[in-house]
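Take 12 as the starting number for the sequence shown in my numbering and just add one per residue.
Glycine included, every Cβ here is placed at the ideal spot set by N, Cα and C.
Predicted, not measured: the structure shown is a model, and the values here were computed from it.
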Amino acid sequence: MISLEQHPFWETLSALWSKGTSFLGCRYAILGGAMTWVSDHRLVASISSSGGFGVLAGGALFPEALDEEIRKTQELTLMPFGVNLIVFHHQIQDLVNVCIERKVGHVFLGGGFPSPNVIEALKAKNIRMIGFAPSVAVGKRLIKAGIDALVLEGSEAGGHVGPVSTYVLAQEILPALEVPLFVAGGIGSGRGMLSYLWMGASGCQLGTRFVCATESRAHPKFKEAFIKANARDATLSVQLDPRFPVIPVRALENRGKQNFLNMQREVLDAYNQGMLSQKEAQMKLELFWAGALRRAVLEGDIEEGSLMAGQSVGMVKSIEPCEVIIHGMIEEMLQGLEAQSQMGPKR
Ligand SMILES: Cc1cc2nc3c(=O)[nH]c(=O)nc-3n(C[C@H](O)[C@H](O)[C@H](O)COP(=O)(O)O)c2cc1C
């Protein structure tokens, strides 16, 4: 078997995602998106060592734990990787300082608009910042504020999602903005990735496909649920009351999802009786997800926990090392390029 780099269409693929690979400093512009409780040092280092770009999930960590995760990742790989932070974390500035002290190259800022303090602190240390753009307008605002690159994540993705599909976001945003743009949500194959590269993406971010990597710490029952599931099983959570704009979460159907509805009802009752403020009510709902995801990922409670998964879950068929997942998708992309080159006008 020839190596990927010797394939006749390697140069074409390299050119297609060169903006992404040079921005990230990796061989392949395939990002392993941060997944809370799943994306730890082992998974992230494996993705990066395989030529992709792993992103540590820092959203649910406190500064000491994040510091430890970064240190362990750096011990396992010399290749670049990123850290995902949630901007409304109450210790966001300390988490940013940890990234600065550990000389992290790329920080992904999710959960809203980052404050000028956060942006200035990272910029001053030449740390590249990646934001999340649900529209052209927000993308432009983020770039103006100093963000260097964007992830466009569509509603097919696993976890907290926006209302617009990946394909629509890609058509609207890719031609409109100049910075490196990485497409995410519902991508499970090399062919899918290739189509977004052709549309102008600098690379693609995948989450669900890496949950069942051999190096992923997800509980065997969590992985088994993914392997059994079809695309249609990864559905959105339901919001009960417009006064609590709950960000929709895409996850596999189970009792945990029903519990979320019951929990929303209880929180609403407490709010209506004046026992909870709006902020407290909102916080309770958000904490519910973080706890439920932890129980499913780490303890294997796949009945009551949260099985966050993208629609690409239907393309997860087995447990494989990161290197096999990444190389398999690149082979598919190279085959796609080759097949396309053979399509000429019919004589
Ligand atoms: C279990 C799970 C947890 C996730 N947690 C986070 C997170 O903490 N922060 C974040 O920015 N995105 C999170 N995501 C989204 C991923 O980073 C990625 O963008 C998404 O999975 C891409 O879509 P896909 O699942 O169809 O591949 C999560 C996704 C999953 C499946």
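- In the displayed model, residue 216 falls within a strand according to three-state DSSP.
- Segment contact: the segment 73-81 against the segment 240-247, fewer than three CB-CB distances shorter than 8 Å; contact not assigned.
- Residue 214 sits close to residue 42, with the two beta carbons spaced by under 8 Å.
- Taking a contact to require three or more Cβ pairs closer than 8 Å, the segment 77-92 and the segment 135-147 do not qualify as touching.
- In this structure, DSSP gives residue 305 a helical state, which the three-state scheme calls helix.
- Remark: C-beta atoms of residue 66 and residue 55 approach each other more closely than 8 Å.
- Residue 222 has its CB nearer than 7 Å to a heavy atom of ligand 1.
- In terms of side-chain proximity, the C-beta atom of residue 241 is found no nearer than 7 Å to any non-hydrogen atom of ligand 1.
- Here DSSP, grouped into helix, strand and coil, assigns residue 170 to strand.
- DSSP places residue 177 inside the alpha helix (DSSP H), whose first and last residues are 177-184.
- Rounded to the nearest whole angstrom, the C-alpha separation of residue 273 and residue 283 is 15 Å.
- Residue pairing for residue 41: DSSP places it in a beta bridge opposite 215.
- In the three-state scheme derived from DSSP, where H, G and I count as helix and E and B as strand, residue 271 is classed as helix.
- Pairing residue 69 with residue 80, the inter-Cα distance amounts to about 9 Å.
- Between residue 336 and residue 220, the gap from beta carbon to beta carbon is short of 8 Å.
- Rounded to the nearest whole angstrom, the CA to CA distance from residue 242 to residue 263 is 9 Å.
- Counting other Cβ atoms within 10 Å of its Cβ, residue 292 reaches 16 or more and is therefore classed as buried.
- Assignment of residue 141 by DSSP, reduced to helix, strand and coil, places it in the strand class.
- Annotation for residue 216: 42, 44, 162, 193 and 195 place their beta carbon closer than 6 Å to its own, counting only its chain and skipping 5 residues before and after.
- Rounded to whole angstroms, residue 18 and residue 200 show a C-alpha spacing of 19 Å.
- With contacts defined by Cβ atoms closer than 8 Å, residue 260 and residue 296 do not form a contacting pair.
- In the DSSP assignment, residue 152 falls within the alpha helix (DSSP H) that extends over 147-156.
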